[in-house]
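The structure appears below as structure tokens.
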Amino acid sequence: MSVQSCPECAADVAFAAPPELNEIIECGECAGELEVVSVDPLIIAVAPEAEEDWGE
Numbered sequence: 001m002s003v004q005s006c007p008e009c010a011a012d013v014a015f016a017a018p019p020e021l022n023e024i025i026e027c028g029e030c031a032g033e034l035e036v037v038s039v040d041p042l043i044i045a046v047a048p049e050a051e052e053d054w055g056e
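Numbering (UniProt numbering), first residue to last: 1 to 56.
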């Protein structure tokens, strides 16, 4: 099991299974959306906000 610190609140975020690149997860402590930006080494970051697509 891998454990990383949440970049928002510094709580431990545990992975029971190996995460996939670009996987979106939720922090159990602050409910922030996090993205797996690297799997070797494992790095998580705050997920970007969804942008509006106005049909452009």
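Using N, Cα and C, we set each Cβ at its ideal position, and we do this for glycine too.
Nearest to cysteine 30 by alpha carbon, out of Val3, Val37, Ala50, Val13?
Along the sequence shown, one-based indexing puts residue 30 at 30. Nearest of Val3, Val37, Ala50, Val13 to cysteine 30, Cα basis: Val13.
Check this for me: beta carbons of cysteine 27 and leucine 21, under 8 Å apart or not?
Translated into positions along the sequence shown, residue 27 becomes position 27. Translated into positions along the sequence shown, residue 21 becomes position 21. It is not a contact, given that the beta carbons lie outside the stated cut-off.
Tell me whether the beta-carbon of serine 2 lies closer than 8 Å to the beta-carbon of phenylalanine 15.
On the sequence shown, residue 2 is found 2 positions in, with the first residue counted as 1. On the sequence shown, residue 15 is found 15 positions in, with the first residue counted as 1. Cβ atoms of serine 2 and phenylalanine 15: closer than 8 Å.
Do glutamate 23 and valine 36 come within 8 Å of each other at the CB atom, strictly closer than that value?
For this step, residue 36 is matched to residue 36 along the sequence shown. For this step, residue 23 is matched to residue 23 along the sequence shown. For valine 36 and glutamate 23, yes; Cβs fall inside 8 Å.
With a CB to CB cut of under 8 Å and the five nearest residues on each side skipped, what residues in its chain are close to residue 93?
The question about residue 93 has no answer here: the residues shown for the chain are numbered 1 through 56.
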